[in-house]
Structures are given as C-alpha cells and as structure tokens.
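K.L.:
FYI, in the numbering used here the residues of the sequence shown are 326 to 448. Every residue gets a Cβ at the ideal spot worked out from N, C-alpha and C, and that includes glycine. Remember, it's a predicted structure, so these values are computed and weren't measured experimentally.
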Amino acid sequence: MSDEVRRKMEIEVLRARENKLLGRKEILFKVKHGAAEHEGGSGQEQRGGGTPSRKEVREALVRKFGCSPQVLVIDWMKPTFGKPEALGYAKIYESEARMREIERKHILRRNFPEAEGSEAATA
C-alpha cells in the first residue's frame with residue numbers, strides 16, 4: 326500500500342542577497358503548505374498535513390532557483406504556530422567544494438543524509 330503523497334506548497338522569497346565573501350546566495354523564505362493529497366484507492370483524497378520535509382522544500386527551492394541540488398542547503402526551518410506556513414533560511418553555494426569547506430557538519434548531515442551512509446561505508 327504505497328500511496329504517493331503530493332503536497333501543495335508555495336515558496337515566497339522574503340529576502341535574497343549575494344554574499345561574495347563566502348561565495349554564496351543567502352535566502353530567507355516562507356513556505357505556505359496546504360493539505361496533502363493522497364493518490365490511491367482510498368475514498369479520502371485530502372487530509373491535513375504537517376510542515377513539508379526538508380527534502381521536499383530543498384527540491385522546491387532547487388526548481389525555483391535552477392541550481393544544482395548539491396550546492397543548496399537549508400540552514401533552518403521554523404513552522405508558524407496555528408498557520409500552514411514555515412519560515413526558513415537557505416544558502417546556495419558557488420561550488421560543492423566551497424560549501425563543504427564553510428558549512429557546519431551537522432547542517433550537511435541534515436541536508437544530505439544519503440551521503441552520510443556512503444561516507445560511513447568507505448571509512
């Protein structure tokens with residue numbers, strides 16, 4: 326019973342600025358999300374949904390800014406109490422090498438959990 330969930334999500338950029346010193350673009354954004362739509366054989370097509378996952382928001386930001394998923398990190402996301410929205414802060418780096426040089430390790434683990442497993446296998 327693997328139903329696919331599609332989430333209605335709109336990203337509004339509140340502030341975007343270039344940080345030439347660190348070689349990145351810094352983005353303050355708001356995610357407005359609606360109910361999740363279930364595709365499957367069930368009679369109920371909509372149900373309440375929580376804040377979208379970091380992975381879903383990263384994918385939406387990559388589409389919006391047209392960048393590589395390997396250079397975009399979400400630093401933080403905070404849901405707004407009682408509203409279907411969350412405030413967040415993301416960074417788009419000029420290169421993956423620059424990102425790995427600057428970014429904190431726990432932020433990289435949150436954004437690239439699949440890479441963590443492959444690093445442990447090679448060590």
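Does DSSP put glutamate 339 in a helix, in a strand, or in coil?
P.N.:
The question names glutamate, but residue 339 in the sequence shown is leucine. Reduced to three states, the DSSP call for leucine 339 is strand.
K.L.:
Taking the beta strand (DSSP E) that valine 451 falls in, what are its first and last residues?
P.N.:
Nothing in the structure corresponds to residue 451, since the chain is present only between 326 and 448.
K.L.:
Within the chosen definition, does the stretch 423 to 432 reach the stretch 352 to 359 through at least 3 CB pairs nearer than 8 Å?
P.N.:
No, the stretch 423 to 432 does not touch the stretch 352 to 359.
K.L.:
Residues in the same chain with beta-carbon distance under 6 Å from leucine 433, minus the five sequence neighbours each way, listed in chain order, please.
P.N.:
None.
K.L.:
Using only CA atoms, which one of Glu337, Arg349 and Val338 lies nearest to serine 393?
P.N.:
Of Glu337, Arg349 and Val338, the residue nearest in Cα terms is Arg349.
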